[in-house]
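**Q**
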Amino acid sequence: MNEVEECEICGKLLSRKQRLISHREKIHGIKPDHEAKKYKLYVSNSAVPIPRTTAFRKRKFDQETCIQSVTVSGQLDLECQEESTTFETRSETAESSSLSNLESCHSSSIHEEELAHTVSYNECTSSQNKLETGMLESISVLNEHEVLNSNSAEIHVQNVYDKTMQSFPGAWECEAAAAELSDCDSSATSISRDSDSDIDTDFESDISSSSELDTDTEDNILSDDSSFDQPEIANSESQTKLTHDEEKDMALLSLLLRYHLGESGSRDVVKILNIFNPENKVKDPNKLKACIGSTETQIYEFCDKCYTLYTEEDIFQCAIAGCNGIRDLCKPGQFMNGKDNFTLLFNTDGVPLFKSSGVSIWPIYLVINELPPVLRFSRRNMIIWGIWQSKGKPVFRTFLQPFIEHMIDLKDNGVSISVDGKTVLTRGLLLASTMDLQAKAYLTEMTQHNGKNSCITCEDPGEVVKQGRGHTRVYPHRNDSDLYKVRNSAEILACGLAALQTNKPEMGVKGVSSLHGLEWFDMVWGLVPDYMHGVLLGVTKMLMKLWFSSSHAGKPYFIGRAIKQIDKKLKKMKPTDDITRLPRKIENNMHHLKASELQMWLLFYSVPCLIDIMVSEYFNHHCLLVEGIYILLSDKITAVQLNHAEHILNLYYAQFGNLYGVNNCTINLHNTCRHLTSYVRKLGPLWAWSCFAFEDMNGTILESAHGTGDVCSQILWSMQARKRLTVDCSKMANSELRNFVVEAMNTRRAIKIKHVAENCKIAGGMKTEILEADILRQLRQVLNLPQPDDDSSLGTISKVGRIVKNDQVIFSKIYSRMTKRIGHVVLINNINTCTSDNSSQIASIQYFVLHRKSNKCAAIVKYITIKEEMALVHRSISHLITVNPEDLNAKNCVILVENIQEKLLYLDGNTKYPCIARLPNLYGQSS
1 MNEVEECEIC
11 GKLLSRKQRL
21 ISHREKIHGI
31 KPDHEAKKYK
41 LYVSNSAVPI
51 PRTTAFRKRK
61 FDQETCIQSV
71 TVSGQLDLEC
81 QEESTTFETR
91 SETAESSSLS
101 NLESCHSSSI
111 HEEELAHTVS
121 YNECTSSQNK
131 LETGMLESIS
141 VLNEHEVLNS
151 NSAEIHVQNV
161 YDKTMQSFPG
171 AWECEAAAAE
181 LSDCDSSATS
191 ISRDSDSDID
201 TDFESDISSS
211 SELDTDTEDN
221 ILSDDSSFDQ
231 PEIANSESQT
241 KLTHDEEKDM
251 ALLSLLLRYH
261 LGESGSRDVV
271 KILNIFNPEN
281 KVKDPNKLKA
291 CIGSTETQIY
301 EFCDKCYTLY
311 TEEDIFQCAI
321 AGCNGIRDLC
331 KPGQFMNGKD
341 NFTLLFNTDG
351 VPLFKSSGVS
361 IWPIYLVINE
371 LPPVLRFSRR
381 NMIIWGIWQS
391 KGKPVFRTFL
401 QPFIEHMIDL
411 KDNGVSISVD
421 GKTVLTRGLL
431 LASTMDLQAK
441 AYLTEMTQHN
451 GKNSCITCED
461 PGEVVKQGRG
471 HTRVYPHRND
481 SDLYKVRNSA
491 EILACGLAAL
501 QTNKPEMGVK
511 GVSSLHGLEW
521 FDMVWGLVPD
531 YMHGVLLGVT
541 KMLMKLWFSS
551 SHAGKPYFIG
561 RAIKQIDKKL
571 KKMKPTDDIT
581 RLPRKIENNM
591 HHLKASELQM
601 WLLFYSVPCL
611 IDIMVSEYFN
621 HHCLLVEGIY
631 ILLSDKITAV
641 QLNHAEHILN
651 LYYAQFGNLY
661 GVNNCTINLH
671 NTCRHLTSYV
681 RKLGPLWAWS
691 CFAFEDMNGT
701 ILESAHGTGD
711 VCSQILWSMQ
721 ARKRLTVDCS
731 KMANSELRNF
741 VVEAMNTRRA
751 IKIKHVAENC
761 KIAGGMKTEI
771 LEADILRQLR
781 QVLNLPQPDD
791 DSSLGTISKV
801 GRIVKNDQVI
811 FSKIYSRMTK
821 RIGHVVLINN
831 INTCTSDNSS
841 QIASIQYFVL
851 HRKSNKCAAI
861 VKYITIKEEM
871 ALVHRSISHL
881 ITVNPEDLNA
891 KNCVILVENI
901 QEKLLYLDGN
911 TKYPCIARLP
921 NLYGQSS
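Numbering-wise, full-length UniProt numbering puts 607 at position 607 of the sequence shown, and it's gapless, one number per residue.
1. For residue 718 and residue 349, I'd like the C-alpha separation in whole angstroms.
2. Using the Cα positions of residue 908 and residue 635, report the straight-line distance between them to the nearest angstrom.
3. My guess is that residue 416 and residue 347 are in contact by the Cβ rule of under 8 Å, so how many angstroms apart are they, rounded?
4. If you reduce the DSSP assignment to three classes, tell me which class residue 527 lands in.
5. When you compare the CB positions of residue 358 and residue 393, do they come within less than 8 Å of one another, or not?
6. Residues in the same chain with beta-carbon distance under 7 Å from residue 588, minus the five sequence neighbours each way, listed in chain order, please.
7. Can you tell me where the alpha helix (DSSP H) with residue 609 in it begins and where it stops?
8. Comparing C-alpha positions only, which one of 46, 613, 612, 606 sits nearest to residue 624?
9. Return helix, strand or coil for residue 653, following the three-state DSSP convention.
10. Could you pull the DSSP bridge partners for residue 473 from this structure?
11. Quick one: measure Cβ to Cβ for residue 676 and residue 529, integer angstroms, because I've assumed they're closer than 8 Å.
12. Can you confirm whether the stretch 844-858 touches the stretch 876-885 when touching is taken to mean that 3 or more C-beta pairs between the two stretches lie within less than 8 Å?
13. Can you tell me where the beta strand (DSSP E) with residue 389 in it begins and where it stops?
14. Under the assumption that residue 685 contacts residue 637 (Cβ atoms under 8 Å), give the Cβ distance between them as a whole number of angstroms.
15. Where do the ends of the beta strand (DSSP E) carrying residue 867 lie?
16. Starting from residue 402, trace the alpha helix (DSSP H) in both directions and tell me its first and last residue.
17. Give me the residue from 796, 891, 899, 912 with the minimum Cα distance to residue 855.
18. Alpha carbons only, please: which of 420, 265, 254, 577 is nearest the one belonging to residue 706?
19. Taking the DSSP output, what are the residues bridged to residue 587?
20. According to DSSP, is residue 434 helix, strand or coil?
21. Going by C-alpha distance, which of 380, 442, 866, 481 is nearest residue 512?
22. What would DSSP say about residue 363, mapped onto helix, strand or coil?
23. Is it buried or exposed, residue 501, if we count other Cβ atoms within 10 angstroms and call 16 or more buried?
24. Taking the C-alpha atoms as reference points, what is the distance between residue 702 and residue 395?
25. State whether the stretch 241-251 contacts the stretch 724-738, with contact taken as three or more CB pairs (one from each stretch) at a distance under 8 Å.
26. Would you call the CB atoms of residue 518 and residue 336 closer than 8 Å?
27. When you compare only the Cα positions, how much space is there between residue 341 and residue 385?
28. Using only the alpha-carbon positions, how far apart do residue 466 and residue 633 sit?
29. Give the DSSP bridge partners of residue 422, in chain order.
30. Please name the residue in 485, 476, 515 whose C-alpha comes closest to that of residue 493.
31. Identify every run of the alpha helix (DSSP H) within the stretch 672-728, keeping only runs that are complete inside it and at least 4 residues long; order them along the chain.
32. Would you identify the three-state DSSP class for residue 802, choosing helix, strand or coil?
33. For residue 626, which option in 915, 903, 878, 6 has the closest C-alpha, if you only look at C-alpha atoms?
34. How big is the Cα-Cα spacing for residue 460 and residue 679?
35. Just to confirm my understanding: we take residue 566, look at its own chain, exclude 5 residues before and 5 after, and list those with CB closer than 8 Å. What are they?
36. Specify the secondary structure class of residue 200 as computed by DSSP and reduced to three states.
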């Protein structure tokens, strides 16, 4: 520790020598005898040589940046541009070799620079004329006129440290004009346009990410037919042919993308290929990326203090002093009355990039609501409008300003697209947004979910009650006479303006949201309470903690002592192959359950597992929630069903406080039971606006991130490459390479189609066998064939284990690889060829048979009967139907496969209550 020093002039005690020197200079005007040591003299004095290590690192940095800008994005990188056209400035006295590298990079990319249409603005950064280190924040956004054509609107915000920035032109003029902002940092916004991507909606939904899939080889099976997430192969005569080298490059690039290989991994693959095939060497990975095309970039800058975008060139001073309800859009005269218009659903949420730092990305996704449900949430049809990358949360008024402008232009002016050789003008309308409570609070400028008046739908302030050793805000049930009124957009705007004047929240509103810039957007009914976060990760997970956590031992609802018995039943449950995850034990995995697992537990597993264990009062109460949510998830909901769901959810809410305590009446419970039905009445079923697909997409884009640098550029390029390969593979003449690319871009396991019958597709092997006489008689009957004296006229009959019908794989009992799931119980049309009883519509498929002459497939089934004494597991639940165990001695019956409607869940984990159930829907994420 330094000794305390005393100023000999004023007698003040100082602790450090440096402070004594500065004290003499600033207070008494006495300059030191020697000047402070100066560093980096080569920056201001060209006569001073640059250190060898510094020069080497600079040359290497410039060369790598130049190569990356030419081969990856096909345009001049920001770090390779001249000082006059970029926000990044370089020293005029840099070493001549580095300048020559920059000039070489510039000349080699001159045609891309002409396409870039780069617009740049300078901003006040410091009161000094020189800057050694500057933080740059940038946003890349797709131009709104190319949203539909490219299907890849990418915007990214990144923090990078430019260690080569030495001076900033105009800083002194900026300081004189705006002294108060003289210390702000440089910030920038850039808009990226991908002009080479197209939308192709001939794909099946594939929203299950690798994090949500099982690893069992028997569980995730899809057909490789064109209807199973494969591009339609266009007429080769009308397509531009690719050369052999281009096809080879595309095939190799699809392999690198399929396994998310980084730069080093890609080089190793190319290296080993060139070792084994020296005569026909493969290109360097960076050169392979050039076949994807260019990405045009437009640069904007914003003030780092007030986050206002600069809108004119050469503006250095911040312009800020002191730094309708949803109507029936399809009616005549309304927006959707035009057949070429569409509506959009958008989502944004934070995704942490690394566990060891606070850096995160915030993507904005768009979904076209008019697409068929199967295609709506597929990866290829989801639009990434933008990505913000930085530490902490984004400044939404800055992040959303370009987004709002794009949405206004898309609604007013639309975009022109080519359909079958005709130019069609189509316009889009941003209809609604779905996100979790935290992101919604940031977006709407409201208090967080634990604050007063945090409900975006109504003005209920909540109540503060004791919770453990502290306090928490809750939203208890209120009678109809005590309900708070529903908000509207005008009132929210007025509260935001009042909050800005008083600098205090007004009815939970702290400011004016950027979404108010969309005059048609409803700030109440357009911001839906998300089902995945609110019902599953919120209410359902809270209930499981109350039931099984030892901290609630002694409570009447605690059933933790029976958890092993419950787990035993749960592990016996065998879902269909449509369910991505198998059930896991609650005892060891309760805190790690995914939302899809919680959904299956809530809707299907919990009732059979808890019926003999939970106190009847609590079990009856829980069944109200199960039935209400199941109805709201259905693909078809009648007005009567909707009113019934609203009633039982309100009843569940009214009883919850008495059973579990008012301190557990969270905002999620309030939204679920008070408001969820109203949103379904206005916007459709829960699956149409849940966050399942968007959360899955977050996992997908994270797989494209390699390293810790410019992650957003990696994600942007990877998404663009996938879309281009998916579309352009149809131009490949080599069928083997084309199929390889298709399979590489399809991340789900496929099965081979062996034969295409008239009424289905045969998946897997076929085996010729001699069938029983009764089966042959019934087969003739269903095929409308005559009944001769012998069976030789039937021809060849093959036994089949599985088929594909209506884009679903349907299994039979003879398919031996299906051990952990049950995919052979189906719902069939009201027809019974065995007896006069036509009431049974549930059957277990024993095997399929293919009649070669008629090219038709039939199913040999055993009917499953419903228990007469107790048709429902519980009187409040209509979708869990108790059945008698399958009778192995029952008669086999023959039906044509077109009579099969859908697969059913067969749940026999509780042997006392074996039951069947229908999935509420097959869209979005139902598992």
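Ideal Cβ positions, reconstructed from N, Cα and C, are used throughout, including at glycine.
**A** So, from the listed chains and residues:
1. If I take the Cα positions, the gap works out to 20 Å.
2. Here the alpha carbon of residue 908 sits roughly 26 Å from the alpha carbon of residue 635.
3. A Cβ-Cβ separation of about 27 Å leaves residue 416 out of contact with residue 347 under the 8 Å criterion.
4. Looking at residue 527 - three-state DSSP - the assignment turns out to be strand.
5. Taking 8 Å as the cut-off, the beta carbon of residue 358 is found no closer than this to the beta carbon of residue 393.
6. The beta carbon of residue 588 is closer than 7 Å to none in its chain, skipping five residues each way along the sequence.
7. Residue 609 -> alpha helix (DSSP H) spans 606-610.
8. When only C-alpha atoms are compared, the closest one is 606.
9. In the structure shown, the three-state DSSP call for residue 653 is helix.
10. DSSP, once it has assigned bridges, lists 464 as partnering residue 473.
11. Yes, they are in contact, since the Cβ atoms of residue 676 and residue 529 sit about 6 Å apart, within 8 Å.
12. Of all C-beta pairs linking the stretch 876-885 to the stretch 844-858, fewer than three are shorter than 8 Å, placing the two stretches out of contact.
13. From DSSP, the beta strand (DSSP E) with residue 389 extends over 383-391.
14. Going by Cβ atoms, the distance from residue 685 to residue 637 rounds to 6 Å, so yes, they are a contact pair.
15. Careful: residue 867 lies outside any beta strand (DSSP E) and carries neither H nor E.
16. Annotation for residue 402: the continuous alpha helix (DSSP H) segment containing it runs 396-412.
17. If we check each option's Cα against that of residue 855, 796 comes out closest.
18. It is 265.
19. According to DSSP, which records beta bridges pairwise, residue 587 is partnered with nothing at all.
20. Correct three-state label for residue 434: strand.
21. Here the closest residue by C-alpha is 442.
22. Three-state DSSP puts residue 363 in a strand.
23. When all chains shown are included, residue 501 counts as exposed.
24. The C-alpha of residue 702 lies about 22 Å from the C-alpha of residue 395.
25. Yes, since at least three Cβ pairs between the stretch 241-251 and the stretch 724-738 fall closer than 8 Å, the two stretches touch.
26. Taking 8 Å as the Cβ cut-off, residue 518 and residue 336 do not qualify as a contacting pair.
27. Going from the Cα of residue 341 to the Cα of residue 385 covers about 19 Å.
28. Taking the CA atoms as reference points, residue 466 sits about 35 Å from residue 633.
29. Looking at the DSSP output, residue 422 bridges to 419.
30. Sorting 485, 476, 515 by C-alpha distance to the C-alpha of residue 493 places 515 at the top.
31. Correct list: 676-683, 692-702, 711-728.
32. DSSP places residue 802 within a strand segment (E or B) once states are collapsed to three.
33. Out of 915, 903, 878, 6, the CA that lies nearest to the CA of residue 626 is found in 878.
34. Cα to Cα, the separation comes out at about 17 Å.
35. When the five nearest sequence neighbours on each side are left out, the beta carbons in the same chain lying within less than 8 Å of the beta carbon of residue 566 are those of 559, 586, 609, 610, 613, in order along the chain.
36. Caution applies to residue 200, whose pLDDT of 36 falls short of 50 and renders its modelled position unreliable; the value that the coordinates give is listed next. Three-state result, residue 200: coil.
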